[in-house]
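Colleague: Read in the numbering used here, the sequence shown has 4 at position 19, and its numbers run on one by one without any break.
First the structure, which I've put down as structure tokens, then a few questions once you've had a look.
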Amino acid sequence: MEQLDPIAFAHFTYHRSILLESGIKVELWFAAAKSIELTIQQVDAQPFTIPHAELKDRATAIFRFLPYAPAITVLERIQIPVSTYRICWTVYPYFPSET
């Protein structure tokens, strides 16, 4: 299973915390070698919606200088109170079934 190297993971962690502060949740899923999947979702109580293209640009900027080509999925915006979504931040590894 492919894993982010420690430097790349630290870079990702730093930038995802910045995105989360602006109401953008990014989850990381490992697919194949040098291939990862990102799920992006605006999760805040702001009165405006960030366009999907801008969400993609912000999330892929994390990997601009890293050797990974993320596949992007943008989910529909949800409004969650800040106290709830800040404690629910997790990176989930993706384990494909071996059938």
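Ideal Cβ placement from N, Cα and C applies to all residues, glycine included.
What you are looking at is a predicted structure, and each value in this text was computed from that prediction instead of being measured.
In the structure shown, what three-state DSSP assignment does Leu13 receive?
Modeller: In the sequence shown, counting from the first residue as 1, residue 13 sits at position 28. Strand at Leu13.
Colleague: Can you tell me which of Pro32, Ile57 and Ala46 puts its alpha carbon nearest to the alpha carbon of Thr(-2)?
Modeller: Numbered from its first residue, the sequence shown carries residue -2 at position 13. Selected option, being the one with the closest Cα: Ala46.
Colleague: Pick helix, strand or coil for Leu5, following the three-state DSSP scheme.
Modeller: Taking the first residue of the sequence shown as 1, we reach residue 5 at position 20. Helix at Leu5.
Colleague: Is it the case that the Cβ atoms of Ile(-8) and Val11 are separated by a distance below 7 Å?
Modeller: Counting from one through the sequence shown, the residue named residue -8 turns up at place 7. Counting from one through the sequence shown, the residue named residue 11 turns up at place 26. Going by C-beta atoms, Ile(-8) is not nearer than 7 Å to Val11.
Colleague: Taking all protein chains shown into account, do 16 or more other C-beta atoms lie within 10 angstroms of the C-beta of Pro55, making it buried, or fewer, making it exposed?
Modeller: Here residue 55 is taken as the residue at index 70 of the sequence shown, counted from 1. When all chains shown are included, Pro55 counts as buried.
Colleague: Report the partner residues of Leu27 according to the DSSP bridge assignment.
Modeller: Looking up residue 27 in the sequence shown gives position 42. In the sequence on display, residue 27 carries Gln and not Leu. Paired residue(s): Ile9.
Colleague: To the nearest whole angstrom, what separates the beta carbons of Leu13 and Leu4, a pair I think is in contact under 8 Å?
Modeller: Here residue 13 refers to the residue found at position 28 when the sequence shown is read from its first residue. Here residue 4 refers to the residue found at position 19 when the sequence shown is read from its first residue. The pair is not a contact, with the Cβ atoms about 12 Å apart (cut-off 8 Å).
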